[in-house]
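Following: one structure in structure tokens, then a few remarks.
There are 2 protein chains.
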Amino acid sequence: MNPWETQLRKGVVELAVLASIARGETYGYRIVESLRVHEGLAFTESTIYPVLTRLTRDGCLAVRVEASPAGPSRRYYRLTPAGEARFREMRKSWKTVSQSLSTLLERQGGEP
Amino acid sequence: MNPWETQLRKGVVELAVLASIARGETYGYRIVESLRVHEGLAFTESTIYPVLTRLTRDGCLAVRVEASPAGPSRRYYRLTPAGEARFREMRKSWKTVSQSLSTLLERQGGEP
DNA sequence: CACACTACCACGCGTTGCAAAGTAGTGGTC
DNA sequence: GACCACTACTTTGCAACGCGTGGTAGTGTG
Numbered sequence: 036m037n038p039w040e041t042q043l044r045k046g047v048v049e050l051a052v053l054a055s056i057a058r059g060e061t062y063g064y065r066i067v068e069s070l071r072v073h074e075g076l077a078f079t080e081s082t083i084y085p086v087l088t089r090l091t092r093d094g095c096l097a098v099r100v101e102a103s104p105a106g107p108s109r110r111y112y113r114l115t116p117a118g119e120a121r122f123r124e125m126r127k128s129w130k131t132v133s134q135s136l137s138t139l140l141e142r143q144g145g146e147p
Numbered sequence: 036m037n038p039w040e041t042q043l044r045k046g047v048v049e050l051a052v053l054a055s056i057a058r059g060e061t062y063g064y065r066i067v068e069s070l071r072v073h074e075g076l077a078f079t080e081s082t083i084y085p086v087l088t089r090l091t092r093d094g095c096l097a098v099r100v101e102a103s104p105a106g107p108s109r110r111y112y113r114l115t116p117a118g119e120a121r122f123r124e125m126r127k128s129w130k131t132v133s134q135s136l137s138t139l140l141e142r143q144g145g146e147p
């Protein structure tokens, strides 16, 4: 993959994961699959699982283990209050950066 | 600064720098100052200069040195054809990721 | 038993943003 | 002429992160 696209996605993963979990309790494998349908958000398990571990360690996620109908047990994650706060903050940061960049990009004559 | 905001900005810097130079030949110190007015795009020199070096090494930028009226000589950068191509590609990647994430964020009930 | 799918984990590499500190040139103040 | 402030670029070192590769374990199918 383009190295700069990798960089672009960096820092967006965490927000994407939080957004996925904010929709309702879910587990890692499912997050990977659900994000894959969004162009540019196709992360692999080796990206998502560490993010989940990190967010859990930071107290943003609570885990619940439940047996799977086919395969190993699933680890269901949901947002803690801290997680919800983090989500809101990241979302705000994203909007700020996103809007600033859009402004910068549209200031010159590009295809509209 | 928030660690996740740092991550968010990662990968956006290069695009911001390319966008700045695409507006016309300019130099590092000026880029830093011009980006500072955009909220969320306030990078320091130790971030911008390495980016310029990297882009130049990759053949995306051409340099011209000119004396400054006050201070050391300025290194003026402009986009090469490769740099313009890179800019278009990154811009496209940005739009893709940006739109996917917006979709994801708006799918749940947030403040509209 | 071989294969495929689900689901999670660990190692290691390369890239990167940024703080800190430095250097060099010009101009102004006392 | 010592001191500061501003301009402008550079170097060093750290910590964080995405992801490729390769694994383990559970269930079902042929």
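As they're listed, the protein sequences go chains H and Z. The working numbering puts the first residue of the first sequence at 36, with every later residue one more than the last. The working numbering puts the first residue of the second sequence at 36, with every later residue one more than the last. Glycine is no exception: its CB is placed at the ideal position from the N, C-alpha and C atoms.
Should residue i be labelled buried (16 or more other beta-carbon atoms within 10 Å of its own) or exposed?
{"i": "Val-52/Z", "result": "buried"}
{"i": "Val-72/H", "result": "exposed"}
{"i": "Ala-57/Z", "result": "buried"}
{"i": "Ser-103/H", "result": "exposed"}
{"i": "Ser-108/Z", "result": "exposed"}
{"i": "Gly-227/H", "result": "Limits of chain H in this structure are 36 at one end and 147 at the other, which puts residue 227/H out of reach."}
{"i": "Gly-46/H", "result": "buried"}
{"i": "Ser-81/H", "result": "exposed"}
Ignore the nearest five residues each way along the sequence and tell me which others in residue i's own chain have a CB closer than 6 Å to its CB.
{"i": "Thr-41/Z", "result": "none"}
{"i": "Arg-121/Z", "result": "Cys-95"}
Which two residues bound the contiguous beta strand (DSSP E) that contains residue i?
{"i": "Arg-109/Z", "result": "109-114"}
{"i": "Arg-92/Z", "result": "Taken as a continuous stretch (DSSP letters only), Arg-92/Z belongs to no beta strand (DSSP E), being part of the alpha helix (DSSP H) at 80-92."}
Suppose the cutoff is 8 Å on Cβ atoms and the five residues either side in sequence are ignored; what does the same chain contact list for residue i look like?
{"i": "Met-125/H", "result": "Glu-49, Leu-50 and Leu-53"}
{"i": "Asp-93/Z", "result": "Ala-117 and Arg-121"}
Starting from residue i, trace the alpha helix (DSSP H) in both directions and tell me its first and last residue.
{"i": "Glu-49/H", "result": "48-57"}
{"i": "Leu-96/H", "result": "Unbroken run through Leu-96/H is the beta strand (DSSP E), 96-101; no alpha helix (DSSP H)."}
{"i": "Leu-43/H", "result": "38-44"}
{"i": "Glu-68/Z", "result": "63-71"}
Give the residues of chain H in contact with residue i, contact being defined as C-beta atoms less than 8 Å apart.
{"i": "Ala-51/Z", "result": "Leu-136 and Leu-139"}
{"i": "Ser-22/Z", "result": "This structure cannot speak to residue 22/Z, because chain Z is shown only from 36 to 147."}
Could you list which residues in chain Z have their beta carbon closer than 9 Å to that of residue i, in chain order?
{"i": "Gly-46/H", "result": "Trp-39, Glu-40, Thr-41, Gln-42, Leu-43, Arg-44, Lys-45, Gly-46 and Val-47"}
So residue i contacts chain Z; which residues on that side make the cut at Cβ distance below 7 Å?
{"i": "Arg-109/H", "result": "Residues of chain Z passing the Cβ test: none, with the nearest at roughly 22 Å."}
In angstroms with no decimal places, state the Cα-to-Cα distance between residue i and residue j.
{"i": "Thr-79/H", "j": "Thr-88/H", "result": "15 Å"}
{"i": "Ala-77/H", "j": "Leu-114/H", "result": "22 Å"}
{"i": "Trp-151/H", "j": "Leu-43/Z", "result": "What the structure shows of chain H is the stretch from 36 to 147, and residue 151/H is not part of that stretch, so it cannot be assessed."}
{"i": "Leu-136/H", "j": "Gly-59/Z", "result": "17 Å"}
At 9 Å on the CB atoms, spell out the chain H contacts of residue i, in chain order.
{"i": "Arg-142/Z", "result": "Ala-54 and Arg-58"}
Enumerate in chain order the residues of its own chain whose CB-to-CB distance from residue i is below 7 Å, with the five nearest sequence positions on each side excluded.
{"i": "Glu-146/H", "result": "Per-residue confidence for Glu-146/H stands at a pLDDT of 47, beneath the threshold of 50, marking its modelled position as unreliable; the derived number appears in the next sentence. Excluding residues within five positions, none has a Cβ falling inside 7 Å."}
{"i": "Arg-99/H", "result": "Tyr-111"}
Using the beta-carbon of each residue, which ones in chain H are nearer than 7 Å to residue i?
{"i": "Thr-131/Z", "result": "Glu-74 and Gly-75"}
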